[in-house]
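Numbering (the working numbering), first residue to last: 11 to 265. In what follows, a structure is listed as structure tokens, so that the remarks can point back to it.
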Ligand SMILES: [Zn+2]
């Protein structure tokens, strides 16, 4: 009986070590399409159209990776896995919600839907911007996983640093629709602000990040990303004051 117990113990030990030595393959059922300097691109299909589309994403990804790692003082030993689905329904089913892209902090993988045809310049820009946006999340959430808890900081930085913000800012000014939906401070801090306000929430979070970089510098933003709870101390101002200054700057850009 004692012998049987020992054998069971050995089996259990083997099982536990196998679990740690060979973690679950998160790229299961996907094909490695391309390996670049910084990324590993997987997809469920490897036809020539998908491969060409991934070439476009991968080029953009590597170019921004260098810029973003400098911006956020981030260095990684490993290449970042990216799952690219050319079929929206398959992507949605895999993610389990309505979205076109996400950075999954659980397996540290970027997961995006991208159509194979990126010939239209607007479509191409939308989807290359998207992968850059998710790359910013990947970088800052690896710098500090807690960033994900402060939605305006996480989304605002992603929106700002993927250069999505500038184009929208200009078009808002151009069409005179500027800032009618500016959130009040309480609304802005609520966790459901992003669900309720949609695109506006990303835009305003991006303008706050822009304001912080302009007034306090990129080093201050880097410090906030590393210690979000110490933001008031880092900026030497209260949240209320920061909000008031940001709002007034946005509404009176000439002052
Ligand atoms: Zn995002």
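In this text, a Cβ means the ideal position worked out from N, Cα and C, and glycines have one as well.
Per DSSP, the bridge partner or partners of residue i
i, result
"residue 172", "None; residue 172 has no bridge partner."
"residue 93", "52, 121"
"residue 44", "51"
"residue 61", "Residue 61 is not bridged to any residue."
"residue 167", "Residue 167 pairs with nothing; no bridge assigned."
"residue 111", "122"
beta-carbon residue i near ligand 1 non-hydrogen atom, thresh 7 Å
i, result
"residue 143", "yes"
"residue 147", "yes"
"residue 233", "no"
"residue 129", "no"
"residue 165", "yes"
"residue 73", "no"
"residue 168", "yes"
Beta-carbon proximity check, residue i vs residue j, cutoff 8 Å
i, j, result
"residue 165", "residue 192", "no"
"residue 142", "residue 74", "yes"
"residue 259", "residue 226", "no"
"residue 100", "residue 54", "yes"
Whole-angstrom C-beta distance between residue j and residue i, which should lie under 8 Å
i, j, result
"residue 84", "residue 149", "5 Å"
"residue 77", "residue 153", "With 8 Å as the limit, residue 77 and residue 153 do not qualify as a contact, their Cβ atoms being about 15 Å apart."
"residue 106", "residue 144", "In fact, because the Cβ distance is near 17 Å, the residues do not count as touching under 8 Å."
"residue 232", "residue 137", "Between residue 137 and residue 232 the Cβ distance is about 28 Å, and since that is not below 8 Å, they are no contact."
"residue 216", "residue 253", "At roughly 15 Å, the Cβ-Cβ gap does not stay under 8 Å, so residue 216 and residue 253 are not in contact."
"residue 139", "residue 36", "Going by Cβ atoms, the distance from residue 139 to residue 36 rounds to 25 Å, so no, they are not a contact pair."
"residue 249", "residue 255", "Rounded, the Cβ-Cβ distance is 11 Å, inconsistent with contact."
### Message
Could you check whether the region 125-143 touches the region 55-69, counting it as contact only if at least three pairs of C-beta atoms, one from each stretch, sit closer than 8 Å?
### Response
yes
### Query
If you pair each beta-carbon of the region 86-102 with each one of the region 153-164, do three or more pairs fall below 8 Å?
no
### Query
Are the region 35-52 and the region 73-93 touching, with three or more C-beta to C-beta distances below 8 Å?
yes
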